[in-house]
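Peer 1:
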Amino acid sequence: MNPTQSHPQSEPLISQDIYIAGVDEGSGKSLIMLAIIEMLSGYADNIGFFRPIIQGDADKDDLIQFISHRYQLPTPYEAMYGCTSAEARQLLAAEQYDELLKTILAKYRALKARCDHVLCVGSDYRHGNAIFEFDFNADVANNLGCLMMPVMQGENRSDEQILNGLASLKHSMHEHDCESLATVIIGVAQNQIASLRHSLNHSSEFPVYVVPAESSLEKPTIGNIAKVIGAKVFSGENATMSREVYHYKVAAMLVPDFLDYVETGDLVITPGDRSDIIMASLMAYNSSNYPQIAGLLLTGHQQPAPQVQKLIDGLGDTPFAVLGVDSDTFTTALQVSQVTARLHSQDDRKIATALGLIESNINMVELRLRLCSKVSHKITPLMFEYDLLQRAKARKQHIVLPEGNEERILRAAEILLLRDVVKITLLGNEVEIRQKIQAMALKMDNINIIDPIKSDLRPLFAETYYQARKHRCIVYDTAFDLMADPSYFGTLMIHLDYADGMVSGAVHSTQHTIRPAFEIIKTKPGASIVSSVFFMCLEDRVLVYGDCAVIPNPNAAQLADIAINAAETARMFNIEPRVAMLSYSTGESGKGEAVDKVRDAVKIAQALRPDLLLEGPMQYDAAVDASVAKTKLPDSQVAGRATVLIFPDLNTGNNTYKAVQRSSGAIAVGPILQGLNKPVNDLSRGCTVTDIVNTVVITAIQAQEADKI
């Protein structure tokens, strides 16, 4: 590769965030970070910087401080990281890995809301578990929706070792289904650059940049060492703190022997009472016959003798930094040996060296153009759940839960109230419900509970139901009796605007839950039937399946209605609808009543909604697999990219969603009813607390959308 650098004014705006992650310890990701944020700052006004996990020691994170100071970021420090390592370990010990990811995602989204672009830099390799570390960073990058930019260390590795490492990295990226921006191999020996680039030009499916080793960037500066070991600065200007330390020497010998061993770039470590070594270091620095040291580190809680200090002060600007520590010489030398090179905002020379090195070996224009074209459409289950929760909280709705004494309902209600997502009313015997809340030690002191049997609203609801259904020979007494049923009472609450939506079915059948809605709320304009969808949350995307719960054997017109409503449901939840009408046959090849029904449904739906991307019939693999679609339907705008999948009947749909759920580990949220004037949703009797929470949140969003009509 022969990268070039330019800044054409006509380039499109960058619209994707980047996640830089080291593949191994000491990867050099901070150098890449510097070059990328330098590029972003040249094209955008409002840049954010984020780290998923910081060590959380007494000192603040070095990279956050460095970027904040150099680029004058206005963001508070606490907003620039997800959590501390201690918090992360606590969640992992409690087997709450998803909660850890949710915590990081919430902090990232809060930062993203105030910034045009965010650069994320992954966690550090502090515990030697490189495999887990990269897996974790890949998970985080996916859930943040960032393009990943792995950085691999090439130091002391042959071409074969580097290429094998790159192959392993590609395998890991494919396993995690990461979207890659580019890979950087840094620290490669100069004599390997040409051969390695030649090999990569013939084998790489995405850009791989090779950056040569630069010894000055691999060495810590005096400032690095002073900060890490907590040294005092006795003398030396700021410029002396930026000098690289190439070696350290313990000067415990006599001056003649010391002078024989001193080298350029040495940090000389000696007890503070060794005036002879101090004087010899000063004289050697100014002598053309001896190399120039980087600095002097005095140990043992001893400053130079007053006479020596007076002599140093009289020299004016000290040519190198003189530092002091309380620890003994051996301990100090051990500490110094463990200090690694780090960037600091005052290290102008090192920063310039780093930028020059990276920008001359990475084609920043190519990278930026790729950044524009690689906008990620990945939606992970955590991203989907987080977005739903934030939308529900933005305009809180009132949801009624008829099964108020069910334990799972109560636990879900507590979560929703603690997170301030919705207003909730529980239906049932108030004394029994409050006793159960107390026995379960739930925090729900202010929960609203209505007993339908005793409620003052019961006569009003009975009269309303009677007026709506008297043509069906319903008498008032029957209507009054029905209002003791929580499902009917809850439905009337929605119908008369005492609540915005209802969720039930944890202990009741689907028919028990939705029959009152069919009788009272009825279908919205443009919908001829009530149908259902499931949100199938796969590892990297969310698909909409319909109908898998309500209509057993829809005719062509009903199938078209299901498809149109499913597309609207998808759009309501920020999923771009590309509708595939499924059958056992793709295109025009198949014959038979079942496939003809799907063809007719496609024609009806396309006539009603020509604006929708809707095609069929097609088989499931052609709908979701780009390689199959290329063969079977090469000109299709939907095949291989479908987000809404409409099954020909309930038998196929119900079995398929359960097969996908069980075999792939997908999270199935639903069934979500569509077509009603106001939202009522049914739970599976095997639902979990998480299922209930998700369904309530979705119902709240449906209620928000219903208010707009």
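Each residue of the sequence shown is one higher than the one before, counting from 1 in full-length UniProt numbering.
We treat Cβ as the ideally placed atom computed from N, Cα and C, and that holds for glycine.
A quick note: this is a predicted structure, and the numbers were derived from the prediction, not measured.
(1) Does the distance from the CB of G404 to the CB of V680 come in under 8 Å?
(2) Using a Cβ-Cβ cut-off of 7 Å (strictly less than) and excluding sequence neighbours within five positions of residue 712, which residues of its own chain qualify?
(3) Taking 8 Å as the cut-off, decide whether the C-beta atoms of Q438 and S531 are in contact.
(4) Quick one: which unbroken beta strand (DSSP E) runs of 3-plus residues sit fully inside the segment 627-682? Chain order, please.
(5) Suppose the cutoff is 6 Å on Cβ atoms and the five residues either side in sequence are ignored; what does the same chain contact list for N429 look like?
(6) How many angstroms separate the CA atom of L296 from the CA atom of M152?
(7) Measuring CB to CB, does E237 end up less than 8 Å from T221?
(8) What does a CB cutoff of less than 8 Å around E407 pick up in its chain, not counting 5 residues either side in sequence?
(9) What would DSSP say about I131, mapped onto helix, strand or coil?
(10) Run through DSSP, which three-state label would P552 get?
(11) To the nearest angstrom, how far is the alpha carbon of V339 from that of V118?
(12) According to DSSP, is A21 part of a helix, a strand, or is it coil?
(13) Closest to T695 by CA distance: which of G670, L147, H471 and V121 is it?
(14) What are the uninterrupted segments assigned as alpha helix (DSSP H) that are 4 or more residues long and contained completely in the segment 433-502, given in chain order?
(15) Can you tell which of D497, Y465, A668 and A294 has its C-alpha closest to the C-alpha of A484?
(16) Can you give, in chain order, each stretch of the beta strand (DSSP E) that sits fully within the segment 540-598 and has at least 3 residues?
(17) Quick one: give me the first and last residue of the beta strand (DSSP E) that A113 is part of.
(18) Can you grab the Cα-Cα spacing for the pair Q192 / D159, in whole Å?
(19) Grab the span of the beta strand (DSSP E) containing R51 for me, first residue to last.
(20) Going by the beta-carbon positions, is the gap between L427 and V693 smaller than 8 Å?
(21) State the Cα-Cα distance for the pair Q467 and I399, rounded to the nearest angstrom.
(22) Going along the chain, which residues of its own chain have a beta-carbon closer than 7 Å to the beta-carbon of I131, five neighbours each way excluded?
(23) Could you check the C-alpha separation between F573 and P212 for me, to the nearest Å?
(24) Could you check the C-alpha separation between D83 and V23 for me, to the nearest Å?
(25) Can the beta-carbon of L614 be found closer than 8 Å to that of V595?
(26) In this structure, what does DSSP give as the bridge partners for H398?
(27) What whole-angstrom Cβ distance do I575 and I562 have, given they're in contact under 8 Å?
(28) So the candidates are D177, F320 and S337; which of them puts its Cα closest to the Cα of I225?
(29) Quick one: grab the DSSP three-state call for Q619.
(30) How about L40 and R51: are their beta carbons less than 8 Å apart?
(31) Let me check one thing: in DSSP terms, what residues is V250 bridge-paired to?
(32) Go ahead and label I18 buried or exposed: buried means 16 or more other beta carbons lie within 10 angstroms of its beta carbon, across all protein chains shown.
(33) Which residues in the same chain as P319 place their Cβ atom closer than 8 Å to its Cβ, once the five residues preceding and following it in sequence are excluded?
(34) Buried or exposed: which applies to R368, given that a residue is buried once 16 or more other Cβ atoms fall within 10 Å of its Cβ?
(35) According to DSSP, is S281 helix, strand or coil?
(36) Which same chain residues end up closer than 8 Å to N448 when comparing Cβ atoms and leaving out the 5 residues on each side of it in sequence?
Peer 2: This is what the structure holds:
(1) Mapped onto the sequence shown, residue 404 falls at position 404. Mapped onto the sequence shown, residue 680 falls at position 680. Against a cut-off of 8 Å, the Cβ pair of V680 and G404 comes out as no contact.
(2) Beyond the ends of the chain as shown, which are 1 and 709, falls residue 712; an answer cannot be given.
(3) Numbered from its first residue, the sequence shown carries residue 438 at position 438. Numbered from its first residue, the sequence shown carries residue 531 at position 531. It is not a contact, given that the beta carbons lie outside the stated cut-off.
(4) 644-646, 667-674 and 680-682
(5) By one-based count along the sequence shown, residue 429 stands at place 429. Here the set comprises D451.
(6) Indexing the sequence shown from 1 puts residue 296 at position 296. Indexing the sequence shown from 1 puts residue 152 at position 152. In this structure, the CA atom of L296 is about 35 Å from the CA atom of M152.
(7) Counted from its first residue, the sequence shown places residue 237 at position 237. Counted from its first residue, the sequence shown places residue 221 at position 221. Going by C-beta atoms, E237 is not nearer than 8 Å to T221.
(8) By one-based count along the sequence shown, residue 407 stands at place 407. Contacts found: K436 and M440.
(9) To locate residue 131, count along the sequence shown from 1; it is residue 131. In this predicted model, I131 has a pLDDT of only 44, less than 50, meaning its place in the structure is not dependable; the value taken from the coordinates is given anyway. DSSP places I131 in helix when its eight states are reduced to three.
(10) Within the sequence shown, residue 552 is the residue found at index 552, counting from 1. P552: coil per DSSP, three-state reduction.
(11) The sequence position of residue 339 within the sequence shown is 339, counting from 1. The sequence position of residue 118 within the sequence shown is 118, counting from 1. Distance between the alpha carbons of V339 and V118 is about 29 Å.
(12) Reading the sequence shown from its first residue, position 21 is the one you call residue 21. Strand.
(13) The residue labelled residue 695 in the question sits at position 695 within the sequence shown. For T695, the nearest C-alpha among the options comes from G670.
(14) 458-469, 476-482 and 486-495
(15) For the purposes of this step, residue 484 is identified with residue 484 of the sequence shown, where counting begins at 1. Measuring from the Cα of A484, the nearest candidate turns out to be Y465.
(16) 542-546 and 578-582
(17) The residue given as residue 113 occupies position 113 in the sequence shown. Per DSSP, A113 belongs to no beta strand (DSSP E) and is neither H nor E.
(18) To locate residue 192, count along the sequence shown from 1; it is residue 192. To locate residue 159, count along the sequence shown from 1; it is residue 159. Distance between the alpha carbons of Q192 and D159: 7 Å.
(19) Residue 51 sits at position 51 when you count from the first residue of the sequence shown. Here the beta strand (DSSP E) through R51 covers I47 to I54.
(20) Here residue 427 is taken as the residue at index 427 of the sequence shown, counted from 1. Here residue 693 is taken as the residue at index 693 of the sequence shown, counted from 1. Contact flag unset, no.
(21) Taking the sequence shown and counting its residues from 1, the one referred to as residue 467 is at position 467. Taking the sequence shown and counting its residues from 1, the one referred to as residue 399 is at position 399. The straight-line gap from Cα to Cα measures roughly 25 Å.
(22) Position 131 of the sequence shown, counted from the first residue, corresponds to residue 131. Confidence at I131 is low in this model, with a pLDDT of 44, below 50, so the placement of that residue should be treated as unreliable; the coordinate-derived value is given next. Taken in chain order, the list of residues that qualify is empty.
(23) On the sequence shown, residue 573 is found 573 positions in, with the first residue counted as 1. On the sequence shown, residue 212 is found 212 positions in, with the first residue counted as 1. Distance between the alpha carbons of F573 and P212: 47 Å.
(24) In the sequence shown, counting from the first residue as 1, residue 83 sits at position 83. In the sequence shown, counting from the first residue as 1, residue 23 sits at position 23. In the sequence as presented, Asp is not what sits at residue 83; that position holds Cys. Roughly 21 Å separates the two Cα atoms.
(25) Residue numbering aside, residue 614 sits at position 614 when the sequence shown is read from its first letter. Residue numbering aside, residue 595 sits at position 595 when the sequence shown is read from its first letter. No, Cβ-Cβ distance for L614 and V595 is not below 8 Å.
(26) Counting from one through the sequence shown, the residue named residue 398 turns up at place 398. According to DSSP, which records beta bridges pairwise, H398 is partnered with K423.
(27) As a position in the sequence shown, residue 575 is number 575, starting the count at 1. As a position in the sequence shown, residue 562 is number 562, starting the count at 1. The Cβ separation is near 16 Å, so there is no contact.
(28) For the purposes of this step, residue 225 is taken as the residue at position 225 of the sequence shown. Selected option, being the one with the closest Cα: S337.
(29) If you number the sequence shown from 1, residue 619 lands on position 619. In the three-state reduction of the DSSP assignment, Q619 falls in the coil class, being assigned neither a helical nor a strand state.
(30) If you number the sequence shown from 1, residue 40 lands on position 40. If you number the sequence shown from 1, residue 51 lands on position 51. Not closer than 8 Å, so no.
(31) Walking along the sequence shown from the start, residue 250 turns up at place 250. Note: V250 sits in a beta bridge opposite I269.
(32) By one-based count along the sequence shown, residue 18 stands at place 18. Flag for I18 reads buried.
(33) Sequence index remark: in the sequence shown, residue 319 carries index 319 (1-based). Taking C-beta separations shorter than 8 Å and ignoring five residues to either side along the sequence, the partners of P319 in its chain run T240, L282, Y285, N286 and Q292, following chain order.
(34) Taking the first residue of the sequence shown as position 1, residue 368 is located at position 368. By the neighbour-count rule (16 or more Cβ atoms within 10 Å), R368 is buried.
(35) Locating residue 281 in the sequence shown gives position 281, where the first residue counts as 1. Looking at S281 - three-state DSSP - the assignment turns out to be helix.
(36) As a position in the sequence shown, residue 448 is number 448, starting the count at 1. These residues qualify, in order along the chain: K423, I424, T425 and L426.
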